[in-house]
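Student:
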Amino acid sequence: MSPEERVLLAIKDEHSRAASAFGALHSAHEGYAVIKEELDELWEEVKKKTQDRDCTKMEKEAVQIASMALRFVLDVCMDDQGQYY
Numbered sequence: 005m006s007p008e009e010r011v012l013l014a015i016k017d018e019h020s021r022a023a024s025a026f027g028a029l030h031s032a033h034e035g036y037a038v039i040k041e042e043l044d045e046l047w048e049e050v051k052k053k054t055q056d057r058d059c060t061k062m063e064k065e066a067v068q069i070a071s072m073a074l075r076f077v078l079d080v081c082m083d084d085q086g087q088y089y
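With this note's numbering, the residue at position 20 of the sequence shown is 24, and numbering never jumps.
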């Protein structure tokens, strides 16, 4: 499996986990808030000195951001048939 495939699979798995645990996003505002929260968590790790950063944590947060962006498009921008509003 290529690195890209591994990351895309991680995003898909996180999307499934989050959708199952939390359900659909209810509005663009909620989606923005969730993405911002994940981005802030990544930023906390990025701000650290290079030698103190944890790449595993950064990867986890980046995957969560991508997953939440996918949820945003699917839940906020598309109807149940996959058509854009």
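Cβ coordinates follow ideal geometry from the N, Cα and C atoms, glycine included.
(1) In whole angstroms, give me the CA-to-CA distance for residue 84 and residue 53.
(2) Could you give the DSSP three-state label for residue 82: helix, strand or coil?
(3) Measure the alpha-carbon distance for residue 59 versus residue 12 and round it to whole angstroms.
(4) Taking residue 40 as part of the alpha helix (DSSP H), name the residues at either end of that continuous run.
Tutor: Concretely, from the data shown:
(1) 44 Å
(2) strand
(3) 17 Å
(4) 32 to 50
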